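Colleague: Chains as they are written, first to last, in my numbering: chain A, 1 to 199; chain B, 1 to 199. Here a beta-carbon is modelled for each residue, glycine too, at the ideal position from N, C-alpha and C. Keep in mind that this is a model prediction, so the values were computed, not measured. After the structure tokens below, expect a handful of questions from me.
Number of protein chains: 2
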Amino acid sequence: MTYYSGTLENLIERLCGLPGIGPKSAQRIALYLLSLPRDEAVELAKSIVDVKDRVRFCATCFNISEGEVCGICSDERRDTSVICVVEEPRDVIAIERSGAFRGRYHVLGGAISPIDGVGPDELRFTELMARLRGGGVSEIVAATNPNAEGEATALYMAQLVRPLGIKVTRIASGLPVGGDLEYADEITLGRAMEGRQEL
Amino acid sequence: MTYYSGTLENLIERLCGLPGIGPKSAQRIALYLLSLPRDEAVELAKSIVDVKDRVRFCATCFNISEGEVCGICSDERRDTSVICVVEEPRDVIAIERSGAFRGRYHVLGGAISPIDGVGPDELRFTELMARLRGGGVSEIVAATNPNAEGEATALYMAQLVRPLGIKVTRIASGLPVGGDLEYADEITLGRAMEGRQEL
Chain A
1 MTYYSGTLEN LIERLCGLPG IGPKSAQRIA LYLLSLPRDE AVELAKSIVD
51 VKDRVRFCAT CFNISEGEVC GICSDERRDT SVICVVEEPR DVIAIERSGA
101 FRGRYHVLGG AISPIDGVGP DELRFTELMA RLRGGGVSEI VAATNPNAEG
151 EATALYMAQL VRPLGIKVTR IASGLPVGGD LEYADEITLG RAMEGRQEL
Chain B
1 MTYYSGTLEN LIERLCGLPG IGPKSAQRIA LYLLSLPRDE AVELAKSIVD
51 VKDRVRFCAT CFNISEGEVC GICSDERRDT SVICVVEEPR DVIAIERSGA
101 FRGRYHVLGG AISPIDGVGP DELRFTELMA RLRGGGVSEI VAATNPNAEG
151 EATALYMAQL VRPLGIKVTR IASGLPVGGD LEYADEITLG RAMEGRQEL
């Protein structure tokens with residue numbers, strides 16, 4: 001039995017399909033949208049369609065972009081000799097926020113995951129290799145996630161890129177800053193130990 | 001500094017305004033929407049506007065409705081002599097799901113909360129009194145939330161309704177079914193004790 005009208009039920013179902021939104025949140029959001037002034041609801045609806053219409057992927061690095069080439073790829077001040085390879089556009093944002101990287105990016109579009117049916121051919125390795133063959137790149141930073149899929153992707157990429165004589169590095173694993181040694185899991189602690197550096 | 005294009009930033013900001021959605025979830029949802037086929041994004045946008053255009057409040061009980069009168073108010077099989085008074089339309093759904101009530105509803109649109117500037121005049125008490133003066137109602141169930149605002153609203157309503165000779169009852173407070181006595185807070189436990197019934 002549905003307790004809502006078809007229109008509201010339809011919105012709730014669609015909201016349920018969004019990442020991190022369960023049935024309870026979807027219901028709460030739908031009722032909130034119903035309580036909004038019509039023009040605010042229309043603005044939200046419009047901004048969803050706008051994103052689909054105006055935002056696309058950078059032709060070079062596949063980061064999100066409103067133009068043919070993204071702001072980072074067209075920024076002349078950035079180092080073109082280092083490319084940081086990430087899984088998703090949100091990883092670009094995370095690294096940009098850290099302010100610790102001034103090179104360029106390459107967004108693979110995911111990680112190798114046989115269980116999800118994602119092999120290397122589904123990722124943007126061909127495009128990465130084409131960029132590298134263009135020359136001028138001396139280092140690739142593998143900034144895929146520190147989980148099984150991300151590690152596999154980093155290792156695969158290292159094998160692919162090394163024959164070109166380009167250095168491949170991997171971002172460090174270890175204890176999060178501000179974290180507590182006592183609460184760290186043993187794998188992270190092991191990685192932190194292995195990756196120890198002289199002070 | 002914004003890391004996203006204006007269009008995407010705009011969508012993220014709007015999503016951030018939704019209940020329960022923080023900046024991280026908003027970013028995740030926006031990027032997910034970007035990855036959807038255009039027609040799916042358009043469908044979501046359309047269903048938001050549809051809800052605003054098609055769904056309104058029932059003229060009798062102020063529950064959400066697609067017609068002039070909601071499905072519950074127009075259901076002839078339901079008991080018209082008992083009205084369950086709730087704060088919000090979502091409370092109607094919650095009670096309907098329990099299957100424990102076969103009367104009709106009245107949605108106040110909130111609870112009395114001086115701290116939020118909500119007094120009795122902001123709630124649908126006038127409309128409730130008009131329904132009751134129409135006759136045929138023998139009991140009002142105060143099903144406002146079991147918190148300070150909900151209790152105050154129930155007490156206010158009891159004072160308002162009693163002069164009409166109509167019985168006002170309050171839903172029971174007590175331990176949640178499946179809960180654990182050990183973990184119950186003392187106020188709930190006190191209420192459970194006060195409300196004990198003979199077996």
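Could you name the residues of chain E that T144 of chain B contacts, counting a contact when the two beta carbons are closer than 8 Å?
Modeller: Among the chains of the structure shown, chain E does not appear; the protein chains present are A and B.
Colleague: Anyone know if the C-beta pair for A41 of chain A and L33 of chain A falls short of 8 Å?
Modeller: Their beta carbons are under 8 Å apart, which means A41 of chain A touches L33 of chain A by this criterion.
Colleague: By how many angstroms is the C-alpha of T126 of chain A removed from the C-alpha of V118 of chain A?
Modeller: Going from the Cα of V118 of chain A to the Cα of T126 of chain A covers about 15 Å.
Colleague: Determine the direct distance from the alpha carbon of D185 of chain A to that of G204 of chain A, and round the result to whole angstroms.
Modeller: What is shown of chain A runs 1 to 199, which leaves residue 204 of chain A out entirely.
Colleague: Measuring CB to CB, does I83 of chain A end up less than 8 Å from V168 of chain A?
Modeller: Not in contact: I83 of chain A and V168 of chain A (Cβ atoms no closer than 8 Å).
Colleague: Closer than 9 Å by beta-carbon distance: list the chain A residues that pair up with D75 of chain B, in chain order.
Modeller: Ordered by position in chain A, no residue passes the 9 Å Cβ test against D75 of chain B, which lies about 12 Å from the chain.
Colleague: Any idea if Y183 of chain A is buried or exposed, counting beta-carbon neighbours within 10 angstroms, 16 or more meaning buried?
Modeller: With fewer than 16 Cβ atoms within 10 Å of its Cβ, Y183 of chain A is classed as exposed.
Colleague: So, is M1 of chain B buried or exposed, given that buried needs 16 or more other C-beta atoms within 10 angstroms?
Modeller: In this prediction, M1 of chain B scores a pLDDT of 41, lower than 50, which makes its location untrustworthy; the coordinate-derived value is nonetheless stated afterwards. The residue is exposed, with fewer than 16 neighbouring Cβ atoms inside 10 Å.
Colleague: Mind listing the chain B neighbours of Y32 of chain A? Cutoff is C-beta to C-beta under 8 Å, in chain order.
Modeller: Here the neighbours are L18 and P19.
Colleague: Would P89 of chain A be called buried (16 or more neighbouring beta carbons within 10 Å of its own) or exposed?
Modeller: With 16 or more Cβ atoms within 10 Å of its Cβ, P89 of chain A is classed as buried.
Colleague: Could you name the residues of the same chain whose beta carbon sits closer than 7 Å to that of A59 of chain B, not counting the 5 residues immediately before and after it, in chain order?
Modeller: If we look at A59 of chain B and ignore the five residues flanking it on each side, its Cβ neighbours are E68 and V69.
Colleague: Give, in chain order, every residue of the segment 123-148 of chain A whose Cβ lies closer than 9 Å to some Cβ of chain B.
Modeller: Against chain B - using a Cβ distance shorter than 9 Å - the segment 123-148 of chain A contributes no residues.
Colleague: Buried or exposed for M193 of chain A, going by 16 or more other Cβ atoms inside 10 Å?
Modeller: Burial call: exposed.
Colleague: Applying a beta-carbon distance threshold of less than 8 Å, which residues of chain A neighbour D50 of chain B?
Modeller: Result: T7, N10 and L11.
Colleague: Nearest chain B C-beta to P176 of chain A closer than 8 Å, yes or no?
Modeller: Output row for P176 of chain A: interface = no.
Colleague: Starting from the beta carbon of R191 of chain B, find every residue of chain A whose beta carbon is closer than 9 Å, and list them in chain order.
Modeller: Neighbours of R191 of chain B on chain A: none; closest Cβ ~25 Å, over 9 Å.
Colleague: Within 8 Å of any Cβ in chain A, is that where the Cβ of V42 of chain B sits?
Modeller: Cβ-Cβ to chain A under 8 Å: yes for V42 of chain B.
Colleague: Among A:G17, A:T7, A:I72 and A:V107, which has the Cα closest to the Cα of D50 of chain B?
Modeller: It is A:T7 whose Cα lies nearest to the Cα of D50 of chain B.
Colleague: Note down, in chain order, every chain A residue with its Cβ under 8 Å from the Cβ of R28 of chain B.
Modeller: P19, G20 and R90, listed in chain order.
Colleague: Alpha helix (DSSP H) containing C84 of chain A: first to last residue?
Modeller: Not the alpha helix (DSSP H): C84 of chain A falls in the beta strand (DSSP E), residues V82 to V86.
Colleague: Let me see if you follow: with CB-CB separation under 8 Å, is R54 of chain B close to chain A or not?
Modeller: By this cut-off, R54 of chain B is an interface position.
Colleague: Report the three-state DSSP secondary structure of V161 of chain A (helix, strand or coil).
Modeller: In the structure shown, V161 of chain A sits in a helix (DSSP, three-state: H, G or I).
Colleague: Give me whichever residues DSSP pairs with R170 of chain B in a beta bridge.
Modeller: Note: R170 of chain B sits in a beta bridge opposite B:A142.
Colleague: I'd like to confirm the pairing. Which residues does DSSP put opposite V107 of chain B in its beta bridges?
Modeller: In the DSSP output, where bridge partners are listed per residue, V107 of chain B has B:V86.
Colleague: Which of the three DSSP states, helix, strand or coil, is assigned to R56 of chain A?
Modeller: In the structure shown, R56 of chain A sits in a strand (DSSP, three-state: E or B).
Colleague: Hey, how far is the Cα of R124 of chain A from the Cα of P163 of chain A?
Modeller: Answer to the nearest angstrom: the Cα atoms are 18 Å apart.
Colleague: Please return the same chain residues whose Cβ sits closer than 7 Å to the Cβ of L132 of chain A, not counting the five positions on each side in sequence.
Modeller: So the qualifying residues of the chain are V161, L164 and I166.
Colleague: Let me make sure I understand the geometry here. Which of A:V107, A:S113 and A:E76 has the alpha-carbon closest to that of V141 of chain A?
Modeller: Of the candidates A:V107, A:S113 and A:E76, the one whose C-alpha sits nearest the C-alpha of V141 of chain A is A:V107.
Colleague: Quick check on DSSP: helix, strand or coil for I95 of chain A?
Modeller: Of the three classes helix, strand and coil, the one that applies to I95 of chain A here is helix, per DSSP.
Colleague: If we ignore side chains and look at the alpha-carbon of each, how far apart do A111 of chain B and T153 of chain A end up?
Modeller: Taking the straight line joining both Cα atoms gives about 54 Å.
Colleague: Decide if S98 of chain A is buried, meaning its Cβ has at least 16 other Cβ atoms within 10 Å, or exposed.
Modeller: Result: exposed.
Colleague: Would DSSP call V118 of chain A helix, strand or coil?
Modeller: If DSSP states are grouped into helix, strand and coil, V118 of chain A belongs with the strands.
Colleague: Do you know whose CA, among B:E96, B:N10, B:N145 and B:I12, lies nearest N63 of chain B's CA?
Modeller: That would be B:E96, whose Cα lies nearest to the Cα of N63 of chain B.
Colleague: Mapping the DSSP letters down to three states, classify P5 of chain A as helix, strand or coil.
Modeller: According to the sequence shown, residue 5 of chain A is Ser rather than Pro. Coil at S5 of chain A, not helix or strand.
Colleague: For I64 of chain A, return the contacting residues in chain B, with the cut-off set at a CB-CB distance below 8 Å.
Modeller: Within chain B, the residues near I64 of chain A are Y4, S5, L8, L31 and L34.
Colleague: Here's a check: name, in chain order, each residue in its chain whose Cβ is nearer than 8 Å to the Cβ of G71 of chain A, leaving out the five neighbours to either side.
Modeller: Once the five neighbours on either side are set aside, the close Cβ partners of G71 of chain A are S65.
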